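Q: When we follow my numbering, the leftmost residue of the sequence shown carries the number 68, and every step to the right adds one.
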Amino acid sequence: MGTPLKNPPVYFTLAQVRFNPILKLADYLPEIQEGFRHQGYPDFETQHGFAIQLHVQDNNSAAQALPQHIHQERYLIGNVERTHSFILDRESLTIQSTNYGHFENFSKIFLDGLLIVHKVVELAYTERVGLRFLDRVMPREDETVDQYLADHIQGLKSKLGGKPVYSYAEAMNEVDDIKLVSRVAIQHGPLAFPPDIQPGQLAVMKKFLSYAGPSATLDNDGFIERRESFSERSLSTHLEAIHKVIGDAFKVTVTPYAFTVWDK
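1) Which ranges does the beta strand (DSSP E) cover as unbroken runs of at least 3 residues, wholly within the segment 141–224, from first to last along the chain?
2) Which value, in whole angstroms, describes the spacing of the CA atoms of H169 and T80?
3) Tell me the rounded alpha-carbon separation between K318 and Y324.
4) Quick test of your reading: Q214 and S159, contact by CB under 8 Å. State the CB separation rounded to the nearest angstrom.
5) Is it right to say M68 is buried, meaning 16 or more other beta carbons lie within 10 angstroms of its own, or is it exposed?
6) Would you mind giving the Cβ-Cβ distance between S303 and L190, rounded to the nearest angstrom? I have them listed as a contact below 8 Å.
7) Let's test the definition: count the other Cβ atoms within 10 Å of the Cβ of A316 and tell me whether it reaches 16, buried, or not, exposed.
8) Considering only the alpha carbon of each residue, which of H305, S249, E112 and L306 lies closest to E237?
9) Would you please state the rounded distance, in angstroms, between the beta carbons of L216 and T320? I believe it to be under 8 Å.
10) Could you have a look at M68 and say whether DSSP puts it in helix, strand or coil?
11) Pull up the distance between the alpha-carbon of F173 and that of N166, whole angstroms please.
12) List the endpoints of the continuous beta strand (DSSP E) containing I291.
13) Kindly confirm or deny that the segment 190–204 and the segment 92–111 touch, where touching means at least three C-beta pairs closer than 8 Å.
14) Looking at the secondary structure, which residues open and close the beta strand (DSSP E) in which K246 lies?
15) Mapping DSSP to helix, strand and coil, what is Y235?
16) Hey, how far is the Cα of P231 from the Cα of H255?
17) Tell whether a beta-carbon distance below 8 Å holds between I89 and R157.
18) Closer than 7 Å by C-beta to V212: which residues in its own chain qualify, once you throw out the five before and the five after it? Chain order, please.
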């Protein structure tokens, strides 16, 4: 997002690549896990779950959609500090982080992890690459959230009268081949995660956990959906492009005053 801020509001970052299905992933798992262990990610956990898949059955009459329970496994591979965690399943690799740092380093960590998987299973193609940032805007004493957010983000709360309880805005835009979903939630209360994100045992920075007053959550989710032959260089380029689009969205969401505060 341009020059890194000294005190950025980002509390959670996610990157993901979806690739061709690896149905025998469990057979390759020991070698993959050993590769991650040597890279500084010794934590390992297997998670079991179920998904419901509708199977259409046509018995020469009306077609019926019959639900089928599909067993799913995914593997969590993390560092000792619990600030970075990889999630590997048969069709994707995801990294989740509560200590983002700088984009160049974060991107390298993720791509290095993807190469560990690729060297073992020889990925053929990728279908989706995405990057997502969660920021928490926490006004200081004698400040308001409004001082940090651009006017067009405020929504109806200032027009309706009474005491604002919460406000939510969402927009989806396409920038070339990048799709960007931007969400802003303004409310009171403790730190919260979107329902589709599970941070697990990751250690969130104390400054985000201890604050429980009025705040805003900025959720910027950018992705490219296109089947391509596996290429680390191409994926790196895609991540850089998505990062720029998310950075532009961040800049038009917050105020110059916010940048001044976060750069101290």
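Ideal placement from N, C-alpha and C gives every residue a C-beta, glycine not left out. As the structure is a prediction and not an experimental result, all values here were calculated from the model.
A: Concretely, from the data shown:
1) 151–156, 159–164 and 192–204
2) Residue numbering aside, residue 169 sits at position 102 when the sequence shown is read from its first letter. Residue numbering aside, residue 80 sits at position 13 when the sequence shown is read from its first letter. Those two C-alpha atoms are separated by around 11 Å.
3) Translated into positions along the sequence shown, residue 318 becomes position 251. Translated into positions along the sequence shown, residue 324 becomes position 257. Approximately 12 Å, taken between the alpha carbons.
4) Translated into the one-based positions of the sequence shown, residue 214 becomes position 147. Translated into the one-based positions of the sequence shown, residue 159 becomes position 92. In fact, because the Cβ distance is near 39 Å, the residues do not count as touching under 8 Å.
5) Translated into the one-based positions of the sequence shown, residue 68 becomes position 1. Note that M68 scores a pLDDT of 46, beneath 50, so its modelled location is shaky and nothing firm can be said.
6) Here residue 303 refers to the residue found at position 236 when the sequence shown is read from its first residue. Here residue 190 refers to the residue found at position 123 when the sequence shown is read from its first residue. Wrong, their Cβ atoms sit about 15 Å apart, outside the cutoff.
7) What you label residue 316 is simply residue 249 of the sequence shown in a count that begins at 1. By the neighbour-count rule (16 or more Cβ atoms within 10 Å), A316 is buried.
8) Counting from one through the sequence shown, the residue named residue 237 turns up at place 170. The candidate whose alpha carbon is nearest that of E237 is S249.
9) Numbered from its first residue, the sequence shown carries residue 216 at position 149. Numbered from its first residue, the sequence shown carries residue 320 at position 253. L216 to T320, Cβ: 7 Å. Contact.
10) As a position in the sequence shown, residue 68 is number 1, starting the count at 1. With a pLDDT of 46 at M68, under the threshold of 50, the modelled position of that residue is not reliable, and the figure given next carries that caveat. Of the three classes helix, strand and coil, the one that applies to M68 here is coil, per DSSP.
11) Sequence index remark: in the sequence shown, residue 173 carries index 106 (1-based). Sequence index remark: in the sequence shown, residue 166 carries index 99 (1-based). Their Cα atoms are separated by approximately 9 Å.
12) Locating residue 291 in the sequence shown gives position 224, counting from the first residue. Looking at the DSSP string, the run of the beta strand (DSSP E) that includes I291 is P281 to S296.
13) no
14) Stepping through the sequence shown from its first residue, residue 246 is reached at position 179. K246 -> beta strand (DSSP E) spans I245 to H255.
15) Here residue 235 is taken as the residue at index 168 of the sequence shown, counted from 1. Of the three classes helix, strand and coil, the one that applies to Y235 here is strand, per DSSP.
16) Within the sequence shown, numbered from 1, the residue matching residue 231 stands at position 164. Within the sequence shown, numbered from 1, the residue matching residue 255 stands at position 188. Those two C-alpha atoms are separated by around 10 Å.
17) As a first step, residue 89 is located in the sequence shown; it is residue number 22 there, counting from the start. As a first step, residue 157 is located in the sequence shown; it is residue number 90 there, counting from the start. Yes.
18) Taking the first residue of the sequence shown as 1, we reach residue 212 at position 145. Answer for V212: V204, P206, I253, P281, S282 and A283, listed in chain order.
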